[in-house]
Amino acid sequence: MTVPHHKTDTLSLSNSHFLPIHLDNPEPHVHQLPVELLQQIFLLVVSDSDLSDWPSIFKMINACTSRIFCSPPIFLTRVCHLWRVVAHSTTELWSCIQVTLPGEAKRSKPFPPCLLQCWLARSVSQPLTIRINRIRLPYRLYKYAKRKVIRGYCPLSQADFRLLEILQSESRRWETVVGASCGGEWPRSKLDTPQLKTLECSWSVLGKFNAPNLRQLRISEGMAGVLIPIYKNLRHLHLQWASPSTIRSVSVTSPNLETIVVEGLIGDCCRATRQSVTYSCLESLTLLLPWNWHWFTEIFYDLHIPVLRKLTLVGCPTKSGVDGIMDALAVTATCNLQVIDFQPTTLEDEVDVDVVEPLLSVVREILVRGVLLRCRAPHN
Numbered sequence: 001m002t003v004p005h006h007k008t009d010t011l012s013l014s015n016s017h018f019l020p021i022h023l024d025n026p027e028p029h030v031h032q033l034p035v036e037l038l039q040q041i042f043l044l045v046v047s048d049s050d051l052s053d054w055p056s057i058f059k060m061i062n063a064c065t066s067r068i069f070c071s072p073p074i075f076l077t078r079v080c081h082l083w084r085v086v087a088h089s090t091t092e093l094w095s096c097i098q099v100t101l102p103g104e105a106k107r108s109k110p111f112p113p114c115l116l117q118c119w120l121a122r123s124v125s126q127p128l129t130i131r132i133n134r135i136r137l138p139y140r141l142y143k144y145a146k147r148k149v150i151r152g153y154c155p156l157s158q159a160d161f162r163l164l165e166i167l168q169s170e171s172r173r174w175e176t177v178v179g180a181s182c183g184g185e186w187p188r189s190k191l192d193t194p195q196l197k198t199l200e201c202s203w204s205v206l207g208k209f210n211a212p213n214l215r216q217l218r219i220s221e222g223m224a225g226v227l228i229p230i231y232k233n234l235r236h237l238h239l240q241w242a243s244p245s246t247i248r249s250v251s252v253t254s255p256n257l258e259t260i261v262v263e264g265l266i267g268d269c270c271r272a273t274r275q276s277v278t279y280s281c282l283e284s285l286t287l288l289l290p291w292n293w294h295w296f297t298e299i300f301y302d303l304h305i306p307v308l309r310k311l312t313l314v315g316c317p318t319k320s321g322v323d324g325i326m327d328a329l330a331v332t333a334t335c336n337l338q339v340i341d342f343q344p345t346t347l348e349d350e351v352d353v354d355v356v357e358p359l360l361s362v363v364r365e366i367l368v369r370g371v372l373l374r375c376r377a378p379h380n
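Here UniProt numbering is used: the first residue of the sequence shown is 1, the next is one more, and so on.
And the structure:
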């Protein structure tokens, strides 16, 4: 429904105030709200979007770029003059953006860089939250592609590189970056990102950021081929793949880690170090149940984890698996583990109480998907 244009001189962008609502006042009630309240409503509309629907300027439809005018915050500027003025003056609305790099996809049209520059300019000096999307080639095209393709992604066009340059020019304002991949497409020198607190990237991009205040890191795609840089303030680490030596080495580069999640384990090319390792702040560890239980022993050997209370294991345990868990915990140097939480990967998987009961000799509680399955009997 089209909202009619109304006068806006009853609201001041600098000194707004509450106006009495009269039944005979022809001005719509929404136009009688103080500007600060209207701004908060706008921010709630934008923040209510899920991660897959972040604010964006355009989307891909059948390999063609199409501008978006029906999603926040852009649609807020198209309702009436008042909303446009308020939206443009609310810098936080423009501090979050999703940018899709279509690559050299067939029939894709160049995306005007000025739109991205205008969006970022609206955010003024606000810390930025950025999501970078890449377009994957269909498998049949990826398999027979004659041109250079990086892990199934469409090669970037010159217009895509221009968009990356615009985003990178604002790197000092980055607070959250999701989807950075393909290190060869990024500058050789490190980007200065003093405000960066949350980062999701591939292994190949990991060394591109000078991020002294990074607190959350998620490494997706690619294998654990490089060491994680030194992040003294890192608190939360999520790895798609990691070897025992990678997990142990992070204790040196990020000694203040509180949580570690590893989706998949891989073996080391050479045997992991046998020297003592300490995670003095680690409270929660999540690992995939491995097919090679020797990897578990390598992870926990002479490991000091004094404050670790919860171990989450993804998968359904078997008797041999329980034996492997107990063998691994037996070689720790310091461990005060209280809870093991099993997370079966399918709803059909059921954890056998008799199979996991021996674990009560080393922990107090056994959970399944966060629900208590069995606990150790209290001492008389």
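Virtual Cβ for every residue (Gly too), placed ideally from N, Cα, C.
Within its chain, find whatever has a CB closer than 7 Å to the CB of residue i; leave out the 5 residues flanking it on each side and keep chain order.
i      : result
Ala333 : Ser276, Asp302, Leu303, His304
Leu196 : Trp174, Glu175, Val177, Phe209, Ala211, Asn213, Leu214
Pro358 : Val322, Met326
Leu93  : Phe42, Leu43, Val46, Pro73, Ala87
Ser171 : Leu191, Asp192, Thr193
Leu372 : Glu365
Can you name, in chain order, every residue of its own chain whose Cβ lies under 6 Å from the Cβ of residue i, other than the five neighbours on each side?
i      : result
Val368 : Phe342, Val351
Ala328 : Phe296, Thr297, Phe300
Lys319 : Val355
Val261 : His238, Thr286
From the DSSP output, in three-state form, read off residue i for me.
i           : result
Gly324      : helix
Gly370      : coil
Leu257      : coil
Ser171      : helix
Gln343      : strand
Leu308      : coil
Ala330      : helix
Lys7        : Confidence at Lys7 is low in this model, with a pLDDT of 41, below 50, so its placement is unreliable and the value that follows should be read with caution. In the structure shown, Lys7 sits in coil (DSSP, three-state: anything other than H, G, I, E or B).
Gly264      : strand
Thr90       : coil
residue 383 : No statement about residue 383 is possible, as the shown extent of the chain runs from 1 to 380 and does not include it.
Gln40       : helix
Val45       : helix
Thr278      : strand
Leu360      : helix
Lys289      : Checking the sequence, you will find Leu at residue 289 rather than Lys. Three-state DSSP puts Leu289 in coil, outside helix and strand.
Ile228      : coil
Asp354      : helix
Which residues share a DSSP beta bridge with residue i?
i      : result
Asn210 : Asp192
Gln338 : None, per the DSSP bridge assignment.
Thr163 : Strictly speaking, residue 163 in this sequence is Leu, with Thr absent from that position. None; Leu163 has no bridge partner.
Ser284 : Thr259, Lys310
Arg241 : It should be noted that the sequence gives Trp, not Arg, for residue 241. Paired residues: Gly264.
Glu365 : Val339, Cys375
Arg84  : Paired residues: none, contrary to the question.
Cys201 : Ala180, Ile219
Leu128 : Trp174
Leu234 : Leu234 is not bridged to any residue.
Cys96  : Thr129
Arg134 : Leu101
Leu303 : Val277
Which residue wins for smallest C-alpha separation from residue i, given the options the options?
i           : options                        : result
Glu263      : Pro290, Arg134, Leu116         : Pro290
Ser249      : Glu258, Arg235, Leu372, Ile230 : Ile230
Ile130      : Pro155, Gln98, Cys114          : Gln98
Trp186      : Ile247, Leu311, Asp160, Thr198 : Asp160
Thr193      : Pro127, Asp268, Leu288         : Pro127
Gln240      : Gln117, Leu227, Glu258, Ser220 : Ser220
Arg215      : Thr176, Lys208, Ser243, Arg374 : Thr176
residue 383 : Arg374, Gly370, Asp349         : Coverage of the chain is limited to positions 1 through 380, which leaves residue 383 absent and any answer about it impossible.
Trp203      : Ala242, Trp94, Cys114, Gly103  : Ala242
Gly370      : Val322, Thr312, Ala121         : Thr312
Val314      : Val322, Leu44, Leu308          : Val322
Asn133      : Leu156, Glu165, Thr100, Cys154 : Thr100
Cys114      : Ser125, Leu227, Ile166         : Ile166
Leu265      : Pro55, Thr253, Pro244          : Pro244
Pro344      : Leu288, Gln40, Glu36           : Leu288
Cys316      : Val261, Glu348, Gln39          : Glu348
Thr259      : Gly267, Ile247, Cys269, Asp268 : Ile247
Ile340      : Lys310, Gly324, Val331         : Lys310
Asp268      : His294, Ser254, Thr253         : His294
Val353      : Leu156, Cys118, Arg376         : Arg376
Val124      : Pro306, Thr90, Ser157, Ile135  : Thr90
Gly184      : Ala330, Ser169, Val205         : Val205
Could you check whether the Cβ of residue i sits closer than 7 Å to any heavy atom belonging to the ligand FAD?
i      : result
Ser320 : As far as ligands go, the structure on display features none, and thus does not contain the ligand FAD.
For residue i, which residues of its own chain have a beta-carbon under 8 Å away from its beta-carbon, when the five flanking residues on both sides are left out?
i           : result
residue 404 : Since the displayed the chain opens at 1 and closes at 380, residue 404 lies outside it and no answer follows.
His88       : Thr77, Arg122
Leu163      : Val99, Leu101, Phe111, Pro113, Leu116
Leu308      : Tyr279, Leu282, Glu283, Ser284, Leu285, Cys335, Asn336, Leu337
Arg274      : Tyr301, Asp302
Cys118      : none
Check the C-beta distance from residue i over to residue j and give it rounded, since I have them as a contact under 8 Å.
i      : j      : result
Cys154 : Ala180 : So it is not a contact: roughly 17 Å between Cβ atoms.
Leu199 : Leu217 : 5 Å
Cys96  : Pro55  : 6 Å
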